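Below: one structure, written as structure tokens.
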Amino acid sequence: MLALLPLLAGCPPKASQRQMYLGPTEPMRDVVQEINKNTDRLPSMWSRGYFEANVVDRGKSHFVNGDLLMLYRRPDDLRIVGKKDIAGTVFEIGSNPERYWLRVGGDVDTMWWGTHANAGNVDPKQIPIPPALMLEVLGISSIDTNFRQPPAPVMRFNNDADAYMLLWTLPLADRWAAQKDVWFDRQTKLPMKVLLYDANGRVVLLADLSNHKPVEVAGVPKDQWPKVAANYRLYFPDSDTSVAFELDRPMLKNGPGPNTVPNDRSFAFPEEGGGANHVIPVDEPAAAPANAAPR
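Quick note: the sequence shown uses the working numbering, first residue -5, plus one each step.
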């Protein structure tokens, strides 16, 4: 738990003592093949854990923490729920193929939501944690092996970090732009760091991933089980919001049978604002301060 606190308190992480690596490296296609060998075995994920977040809304910072439940299903279903024993749900991030949402309880007591179809037109400052970005940082998506298909990846090697760095670029009307940067450990091919950019190269999300744990897969030898990061530390510069969470025991599902989760119900959009007093549809223009709902 304490390992999550430095980022949320604004303290920079300690510099790595890793020695510079100057040995041989592998071709990009071989690196991607190894990455996909791991991620292809992760069609879904279920895990309990712990979370902490400093959510900045309208210039005010609100600290929330509690027990966490994470649900994921490929390609774009995600739900992260944080609860406290007495208060119930205090934090929720969700995404399904049509919509995404963020709910923060306590003094904030607000749910933001929008549609993926319009996500590119939403001002990131309208929502403290854009759920549309969260899928990018889990590190369990497979990489398209058609390297010419936009967004197209290029690979560099970072000798200091001993990591392969894959940078995805995509064409705009007048130029190409960086979309995201993912660092993979040279030896394990597991993700270490994710940076997401806006069209002008500004970082909109920075994530550190660590403490990778195996995920049991029936019928697969234990030494071939895929791995996922158990510790995530995320920072959203546009809102100055930070989130950290650690997963206890990631599994593909929470058990056998027809009612196992994740399933379709796991990612249902919360109607009526999920019980929040304030509901903000971020697809719509932000209201002027004079017309804003009282807090």
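We put the beta carbon where it would ideally sit given N, CA and C, even for glycine. Just so you know, these numbers come straight off a predicted model, no measurement behind them.
Quiz item: Can you tell me the Cα-Cα spacing of Trp106 and Arg97, whole angstroms?
Solution: 6 Å
Practice problem: Under 7 Å Cβ to Cβ from Thr109, same chain only, skipping five residues before and after it: list those, please. | Solution: Glu92, Arg93, Asp277
Self-check item: Segment limits, beta strand (DSSP E) that includes Ala201
Solution: 197 to 208
Exercise. Give the straight-line distance between the Cα atoms of Val273 and Ser233, rounded to the nearest whole angstrom.
Key: 18 Å
Self-check item: For Val116, the three-state DSSP class (helix, strand or coil)
Solution: coil
Exercise. Please determine, among Glu130, Lys183, Ile134, the residue with the shortest C-alpha to C-alpha distance to Ala155.
Key: Lys183
Quiz prompt | Buried/exposed call for Ala262, threshold 16 Cβ in 10 Å | solution = exposed
Quiz item: Would Pro250 be called buried (16 or more neighbouring beta carbons within 10 Å of its own) or exposed?
Solution: exposed
Self-check item: Bridge partners - Ile123, DSSP secondary structure assignment
Solution: Partner(s): none; Ile123 has no beta bridge.
Quiz item: Where does Val131 fall in DSSP's three states?
Solution: helix
Quiz item: With a CB to CB cut of under 6 Å and the five nearest residues on each side skipped, what residues in its chain are close to Pro74?
Solution: According to the sequence displayed, residue 74 carries Ile and not Pro. These residues qualify, in order along the chain: Met64, Ile87.
Quiz item: How is Met22 classed by DSSP in three states: helix, strand or coil?
Solution: helix
Quiz item: When the Cα atoms are used, what is the spatial distance from Met14 to Ala111?
Solution: 44 Å
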